[in-house]
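So the mapping is simple: my numbering equals the position in the first sequence, first residue as 1, plus 38.
Backbone N, C-alpha and C fix where the C-beta goes; we use that ideal spot for every residue, glycine too.
This report concerns only the one structure given below.
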Amino acid sequence: MTRLSSFFLPTTREAPAEAEALSHRLIVRAGLARQVGAGMWSWLPAGWRAHRNAEQIVREELDAIGGQEMLMPVIQPAELWKRSGRYDIDELFKLHDRRDAELVLAMTHEEVVTTHVSREIRSYRDLPKILYHFQTKERDEPRPRAGVLRTREFIMKDSYSFDRDPEGLETSYQLHVGAYDRIFDRAGLEWYRVESDVGMMGGLAAHEYMAPCPAGENDVALSDAGYAANVEIASATAQPVDGLPEPLDAPEEVETPGATTIDDLTRMLGVPAGATIKAFPVIADGRGPLLVLVRGDHRLNEFKLANTLGARSRPAEAAEVRDLFGAVGGFIGPVGARVPVLADEALRGLHGLVAGGNKPDIHLRGVEPGRDFEPEWADVRRVEPGDTCPNGGVIRVEPAIEVGNIFKLGTRYSEPFGARYLDEQGEEQLIWMGCYGIGPARIVAAAIEQYADEQGISWPRSLAPFDVELVALGKDGEEARTVSDRLYDELRAAGLDVLYDERTASAGEKFTDAELLGCPLRLTVGKKSLEAGEVDAQVRRGQEKRSLPLEGAAEAAAELWATLP
RNA sequence: CGGGGCGUAGCGCAGCCUGGUAGCGCGCGGCCUUUGGGUGGCCGAGGUCGCCGGUUCAAAUCCGGCCGCCCCGACCA
Numbered sequence: 039m040t041r042l043s044s045f046f047l048p049t050t051r052e053a054p055a056e057a058e059a060l061s062h063r064l065i066v067r068a069g070l071a072r073q074v075g076a077g078m079w080s081w082l083p084a085g086w087r088a089h090r091n092a093e094q095i096v097r098e099e100l101d102a103i104g105g106q107e108m109l110m111p112v113i114q115p116a117e118l119w120k121r122s123g124r125y126d127i128d129e130l131f132k133l134h135d136r137r138d139a140e141l142v143l144a145m146t147h148e149e150v151v152t153t154h155v156s157r158e159i160r161s162y163r164d165l166p167k168i169l170y171h172f173q174t175k176e177r178d179e180p181r182p183r184a185g186v187l188r189t190r191e192f193i194m195k196d197s198y199s200f201d202r203d204p205e206g207l208e209t210s211y212q213l214h215v216g217a218y219d220r221i222f223d224r225a226g227l228e229w230y231r232v233e234s235d236v237g238m239m240g241g242l243a244a245h246e247y248m249a250p251c252p253a254g255e256n257d258v259a260l261s262d263a264g265y266a267a268n269v270e271i272a273s274a275t276a277q278p279v280d281g282l283p284e285p286l287d288a289p290e291e292v293e294t295p296g297a298t299t300i301d302d303l304t305r306m307l308g309v310p311a312g313a314t315i316k317a318f319p320v321i322a323d324g325r326g327p328l329l330v331l332v333r334g335d336h337r338l339n340e341f342k343l344a345n346t347l348g349a350r351s352r353p354a355e356a357a358e359v360r361d362l363f364g365a366v367g368g369f370i371g372p373v374g375a376r377v378p379v380l381a382d383e384a385l386r387g388l389h390g391l392v393a394g395g396n397k398p399d400i401h402l403r404g405v406e407p408g409r410d411f412e413p414e415w416a417d418v419r420r421v422e423p424g425d426t427c428p429n430g431g432v433i434r435v436e437p438a439i440e441v442g443n444i445f446k447l448g449t450r451y452s453e454p455f456g457a458r459y460l461d462e463q464g465e466e467q468l469i470w471m472g473c474y475g476i477g478p479a480r481i482v483a484a485a486i487e488q489y490a491d492e493q494g495i496s497w498p499r500s501l502a503p504f505d506v507e508l509v510a511l512g513k514d515g516e517e518a519r520t521v522s523d524r525l526y527d528e529l530r531a532a533g534l535d536v537l538y539d540e541r542t543a544s545a546g547e548k549f550t551d552a553e554l555l556g557c558p559l560r561l562t563v564g565k566k567s568l569e570a571g572e573v574d575a576q577v578r579r580g581q582e583k584r585s586l587p588l589e590g591a592a593e594a595a596a597e598l599w600a601t602l603p
């Protein structure tokens with residue numbers, strides 16, 4: 039029985055002052071969830087129904103590719119994490135039990151699942167396997183934010199594939215690609231599968247599933263030609279520089295007092311930003327000082343730099359810059375630099391450029407890479423809207439929520455945990471692994487973000503807490519109420535999940551609440567339509583209204599519902 | 001971790017500068033009214049003013065410390 043008069047659905051007229059993201063505001067206002075602390079949330083009954091709907095889609099599609107659901111603990115011995123080398127991650131919650139034994143709260147489950155597999159899997163006959171669970175993840179995030187989008191505790195579906203070789207891993211990976219594509223389609227989301235950074239942990243390949251929306255924390259580079267990549271790794275051909283100065287025979291000094299920014303330079307010298315060189319002095323692990331160059335109108339992409347260097351790097355400190363270049367930030371450049379130079383590809387072939395002169399208040403103009411300095415070339419810039427992607431399309435950049443990721447782990451965990459099997463020749467081999475995550479809460483939040491309108495949430499059918507909200511107008515005991523009571527039973531008999539608003543509240547209040555909660559279909563029983571022998575139906579998305587004959591209204595509503603997005 | 005902001009009733013806020021009985025709107029309870037888009041009226045309940053300390057005859061208000069929350073950035077297997 040889901041009668042609104044007794045259902046725990048605390049809606050509010052106003053959102054908490056601190057809530058900024060649309061999904062945050064609507065989740066609170068519609069009574070789906072409540073905040074307990076920074077990054078800690080309780081799901082209330084209606085929100086939990088949506089969450090479980092998302093889970094169920096994920097479960098069905100994983101089962102369909104042969105996934106086997108299990109459950110592993112959140113609290114784990116620290117020893118496992120020391121063995122995998124992940125114990126020192128700052129986000130890992132660490133604790134001690136009463137006997138002072140070291141424990142951790144799991145942020146994912148590679149350590150435990152690999153331990154099980156290493157103990158139980160012996161033979162190539164036991165492979166492949168896909169194991170998964172839905173379990174709480176704990177992460178001591180430095181900054182939880184945007185409601186349920188980034189929390190310190192959340193539920194994740196994580197699955198793990200185990201194969202005998204890279205080819206097997208590729209097969210399991212592709213099975214997940216198919217399952218994930220179907221999951222996000224069924225969830226009704228607009229989504230992209232984008233190439234993503236494999237990180238420093240030695241992964242082999244990775245994709246992220248991104249749902250574009252304003253509250254998204256990630257930027258994705260997209261093109262109509264089908265290109266899709268996280269901007270962290272996206273690569274594209276830069277737009278040419280308009281108005282490049284004429285070449286000079288050799289660089290010449292020009293006084294630029296106080297011009298420490300590209301803006302200052304373009305104003306002072308009258309050149310376009312693209313005709314300047316932006317220089318970043320960095321100190322790379324294992325490589326020492328390095329001068330990284332990008333075009334003045336471009337931005338350095340630190341992920342791509344790290345991948346190019348195969349190492350982390352940090353910006354040089356002011357004192358280091360002085361020692362290495364004899365100048366302060368804003369006036370350093372590649373010509374005559376005593377450290378190796380790494381230049382972005384977009385600078386290749388340009389001439390007449392302005393670069394720092396390595397002297398206070400001095401720049402050089404007429405600089406030509408390759409002639410005036412010999413850099414190592416690499417693609418280390420962030421792509422910009424308007425760039426041309428590898429297959430010819432024009433790049434645009436959109437914010438998006440990461441709703442899922444898939445990752446080829448290789449033997450990253452099977453090595454430390456000794457997960458091996460015997461092949462047909464009786465030889466011991468390492469197991470090849472993949473890991474695959476989905477956050478149901480983010481699916482819920484992304485759906486809210488993508489489809490909300492002025493009135494509130496507008497759920498995709500597959501996620502909505504209820505299929506139909508039935509609004510009964512008039513007083514208890516009037517004819518409208520007897521009719522709606524009967525319709526409520528008939529709707530449920532027709533297979534629909536119904537939220538029945540039989541409160542003694544004004545019509546406007548009920549309609550407003552119904553639109554805020556956003557079930558795909560609203561049915562209204564009141565005196566007016568009843569006199570015409572009808573029930574009013576309103577489709578939430580687009581708010582299109584129509585009338586259904588009272589006779590057979592439940593079946594008609596079920597048919598209508600089935601056509602909704 | 002760097003920068004900024006906030007903390008007064010369930011929610012949104014005023015009061016603080018200039019110390020002197022803690023307020024408003026919404027929501028909540030009762031009665032009446034209204035019932036197809038947040039009806040109107042009357043009555044009422046509800047607050048250790050984030051916490052600790054200091055100054056003062058007197059602190060929501062001034063001073064110090066702490067805690068919590070949010071935003072931007074950094075970070076994000």
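With C-beta atoms as the reference, is residue i less than 8 Å away from residue j?
i, j, result
"V142", "M110", "no"
"Y489", "P498", "yes"
"V418", "N339", "yes"
"E129", "E205", "no"
"A575", "A595", "yes"
"F341", "A375", "no"
"D196", "Y474", "yes"
"R224", "S567", "no"
"A71", "G85", "yes"
"H245", "V232", "yes"
"P327", "V366", "no"
"A479", "F46", "no"
"I439", "C251", "yes"
"I159", "I103", "no"
"L380", "P407", "no"
"I444", "Y211", "yes"
Candidates the options: which alpha carbon is nearest residue i's?
i, options, result
"V359", "V320, L118, A384 and R337", "V320"
"D203", "S452, D535 and V292", "S452"
"A532", "P398, D505 and D178", "D505"
"P283", "G580, V405 and D262", "V405"
"G264", "D382, D223, C427 and F455", "C427"
"Q582", "V563, L559, V155 and G564", "Per the sequence presented here, residue 582 reads as Glu, with Gln not at that position. That would be L559, whose Cα lies nearest to the Cα of E582."
"G580", "C557, G564 and E593", "C557"
"A484", "K548, Q493 and A253", "A253"
"E290", "I400, V309 and A365", "I400"
"L461", "L60, W119, R163 and E58", "Reading off the sequence shown, one finds Asp at residue 461, where the question assumed Leu. Nearest of L60, W119, R163 and E58 to D461, Cα basis: R163."
"W119", "T146, D135 and D138", "T146"
"E593", "S544, D527, E553 and A543", "D527"
"D4", "L391, V330, T346 and R305", "Outside the shown range of the chain (39 to 603) lies residue 4, about which nothing can therefore be said."
"R181", "E140, L133, D135 and E255", "E255"
"A416", "K446, L385, P398 and G430", "L385"
"G464", "R409, S161 and L362", "S161"
"G105", "A518, T49 and H171", "H171"
"V330", "P295, E383, D302 and M306", "E383"
"V373", "A267, P413 and T209", "P413"
Under the assumption that residue i contacts residue j (Cβ atoms under 8 Å), give the Cβ distance between them as a whole number of angstroms.
i, j, result
"D551", "L508", "Not really, about 13 Å apart at Cβ, beyond 8 Å."
"T189", "W79", "6 Å"
"L534", "W599", "6 Å"
"V563", "L529", "So it is not a contact: roughly 11 Å between Cβ atoms."
"L602", "V573", "Their Cβ separation, rounded to whole angstroms, is 17 Å, which puts L602 and V573 out of contact at 8 Å."
"G185", "A57", "7 Å"
"Y125", "M471", "Contact doesn't hold; Cβ gap of about 20 Å is too wide."
Within its chain, find whatever has a CB closer than 6 Å to the CB of residue i; leave out the 5 residues flanking it on each side and keep chain order.
i, result
"A53", "R63, V66 and R67"
"R41", "Y538 and E540"
"D323", "A349 and R350"
"F363", "I370 and N396"
For residue i, which residues in the same chain have their Cβ closer than 7 Å to its Cβ, ignoring the five residues on either side in sequence?
i, result
"G371", "I315, A317, A393, G394, G395, N396 and L402"
"V155", "F200, A457 and I469"
Return the chain-ordered list of same chain residues with a C-beta closer than 8 Å to the C-beta of residue i, the five sequence neighbours on each side being excluded.
i, result
"F222", "W229, Y247, A249, V441, G442 and I481"
"V435", "D257, V258, A259, L260, V269, V421, E422 and P423"
"A313", "V279, G281, L282, P283, G334, L388, G390, L391 and V392"
"K548", "V509, L511, D539 and R541"
Kindly provide the ranges of any beta strand (DSSP E) runs that are 3 or more residues long and lie completely inside the stretch 319-404, ordered along the chain.
326-333, 351-353, 379-382 and 391-397
What beta strand (DSSP E) runs, 3 residues minimum, are completely inside the stretch 176-230?
191-201
I'd like the ranges of any beta strand (DSSP E) spanning at least 3 consecutive residues and lying wholly in the stretch 80-159.
113-115, 131-134 and 140-143
Within the stretch 452-494, ranges of the alpha helix (DSSP H) (whole runs, at least 4 residues)
478-489, all fully within the stretch 452-494.
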